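Numbering (my numbering), first residue to last: 1 to 284.
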Amino acid sequence: MITTEKLTKVYGEVKAVEDLNLAIGSGEIFGFLGPNGAGKTTTIRMLTTLTKPTSGHALINGFDVLRQPHQVKKLIGVVQQHLSLDRELSVRENMELHARLHHLKLSERRQRITELLEYVELTEQANQVVEQLSGGMKRRLMIARALIHRPKLLFLDEPTVGLDAQTRRRLWELIRRMNLDGTTVLLTTHYIEEAEALCGRVGIIHQGHLIALGSPLELRQRLGLVTLETLSNNRDTNYHYFPDRTAATSYAQGLPPEVKTIIVRESNLEDVFVELTGRKVGDD
């Protein structure tokens, strides 16, 4: 569904993305992780035809984003991080406007809007002004709007930012359902547990370069499935990684007495991220 070959974007002397080679298959939920400024947004802007690459190539389902932007736009839907709804219009009016922009005929518009509002559980709010909706409802409406023209590929940029845990999980269920219905999803997120819960594969980008690629389990295995945290004299916490708990326990037994706190736990994607980039997800 997505293929990039040496995709590069340069702003002056800054290489925002450099020689990005990526292949995302049809039907995947793919997580794209990286610190702020790593190149995630630039990559997505190139893939969605909003920014022209400096060099290299990007294909969406076989169509070149630079030479065939109109064909690409028919295939993709985009849900941006910031709310882009018309807050003075109703839920149905927002859907109607977007459907008209995609040139859907009247009968198809009405049927599709009804289907999608039911799909995202907003039928009862159809005539409600967007300004009156909760944050979770607004996010669901943005997803419904992005699906109006039946895209094969959906870009979700921080889809659950600012939402409480319960609402976030409700959106996870919607994303999984869309994927099961045949939509390929490229997801950016600063919530590591979100990527672990949803994504079959994850790519980590840092300083414009793709530095890791694989399933969450594969990336953890490369680092070590077990994390051992130690704290000496109430100073900095040190992290050590091992293939299993036996190896971690053996190491812990040999630690000096000044190590007062020892925690053994399963490793996670955040461990992988911090070790590879030296930064927590979301750090500036």
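Beta carbons: idealized from backbone N, C-alpha and C, even for Gly. Computed from a predicted model, the values in this text were never measured in an experiment.
Close beta carbons around E275, own chain, < 7 Å, minus the five adjacent residues each side
L223
Buried/exposed call for L106, threshold 16 Cβ in 10 Å:
exposed
Spatial neighbours of M142 within its chain, please: CB distance less than 6 Å, with the 5 preceding and 5 following residues excluded, ordered by chain position.
V79
L122 in three-state terms, based on DSSP:
coil
Go ahead and label V272 buried or exposed: buried means 16 or more other beta carbons lie within 10 angstroms of its beta carbon, across all protein chains shown.
buried
Let's test the definition: count the other Cβ atoms within 10 Å of the Cβ of S267 and tell me whether it reaches 16, buried, or not, exposed.
buried
So which of L228, A16, I113 has the shortest CA-CA distance to T246?
L228
Where the alpha helix (DSSP H) through S250 begins and ends:
245-253
Any beta strand (DSSP E) of 3 or more consecutive residues that is wholly inside the region 131-185
153-157
Tell me which residue opens and which closes the alpha helix (DSSP H) that A197 is part of.
192-198
Classify K6 as helix, strand or coil using the three-state DSSP reduction.
strand
Stretch pair the region 197-207 + the region 26-37: three plus CB contacts closer than 8 Å
yes
In three-state terms, what does DSSP make of K260?
strand
Cβ shell of M137 (< 6 Å), same chain only, five flanking positions each side left out:
none
To which residues of the same chain is T42 closer than 6 Å at the C-beta, ignoring the five residues directly before and after it?
K9, A16, V17
Sequence-distant residues of its chain with Cβ nearer than 6 Å to E270 (five each side left out)
I192
Reference G25, options P53, V72, T184, E194, closest by Cα:
T184
Apart from the five residues on each side of it in sequence, which residues of its chain come closer than 6 Å, Cβ to Cβ, to H149?
H102
Please say whether A126 and R170 have beta carbons closer to each other than 7 Å?
no
A165 versus W172 - alpha carbon distance:
10 Å
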